[in-house]
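Structure record follows, encoded as structure tokens.
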Amino acid sequence: MPETNHFEQLVESLEIQQRQDQTMLRVKAIPGARRSGIVDIHDGSLKVAVTQVAEKGKANQAIRKLLSKALGISRSNLSLVSGETSSKKVFAVSNCTVAELKAAIANALSSTK
23 MPETNHFEQL
33 VESLEIQQRQ
43 DQTMLRVKAI
53 PGARRSGIVD
63 IHDGSLKVAV
73 TQVAEKGKAN
83 QAIRKLLSKA
93 LGISRSNLSL
103 VSGETSSKKV
113 FAVSNCTVAE
123 LKAAIANALS
133 STK
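Have a look at this one:
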């Protein structure tokens, strides 16, 4: 059980905000990585590595696909709202509360560690 508490504590450090009917998730992108996956939580952001390079939106598409699969969220409910050309991004998640998103992230982290 201590492992679960560790992930819950990590997830609590995420800066996730509810804005109207969307939940905002800060992401720190690591394009061109050896392997794709959710790496960690750092500075209030979810660190996500993808093998795609940061060129013509390829990394953004890969991050969106990875988040969708890892968190069990439909890709149509995930949209990039800022940081298109930056490593610091904000994704809007529709039809998902802050608590639901945190639970999905904790679950994804615990299954990758």
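Numbering (my numbering), first residue to last: 23 to 135. Virtual Cβ for every residue (Gly too), placed ideally from N, Cα, C. Quick caveat, the model's predicted, so the values are computed rather than measured.
- request: Compute the distance between the beta-carbons of I60 and A130, then report whether it is under 9 Å.
  value: Result yes, Cβ atoms of I60 and A130 sit closer than 9 Å.
- prompt: What do you reckon, are the CB atoms on T45 and T119 nearer than 9 Å?
  reply: Contact annotation: T45 and T119 have beta-carbon atoms nearer than 9 Å.
query: Going by alpha carbons, who is nearest to S55 out of E30, Q39, T73?
result: Position check: residue 55 holds Ala in this sequence, whereas Ser was assumed. The shortest C-alpha to C-alpha distance from A55 to any of E30, Q39, T73 is the one to T73.
Complete runs of the alpha helix (DSSP H) confined to the stretch 40-95 [at least 4 residues]: Entirely contained in the stretch 40-95, the alpha helix (DSSP H) runs reaching 4 residues are, in chain order, 80-93.
With 16 other Cβ atoms within 10 Å as the buried cut-off, status of K78: That one is exposed.
- prompt: In this structure, what does DSSP give as the bridge partners for K21?
  reply: This structure does not reach residue 21, given that the chain is present from 23 up to 135, and the question cannot be answered.
query: Whose CA, out of I63, V112, K80, S90, lies closest to the CA of Q40?
result: The residue from I63, V112, K80, S90 with its alpha-carbon nearest to that of Q40 is V112.
task: Using three-state DSSP, classify P24 as helix, strand or coil.
output: Only weak support exists for where P24 lies, its pLDDT of 49 falling under 50; the coordinates are left without a value.
- prompt: What first and last residue would you give for the beta strand (DSSP E) that runs through S104?
  reply: Following the DSSP letters along the chain, one finds S104 inside the beta strand (DSSP E) bounded by residues 100-104.
query: If you draw a straight line from the C-alpha of A126 to the C-alpha of G94, how long is it?
result: Whole-angstrom Cα-Cα distance: 7 Å.
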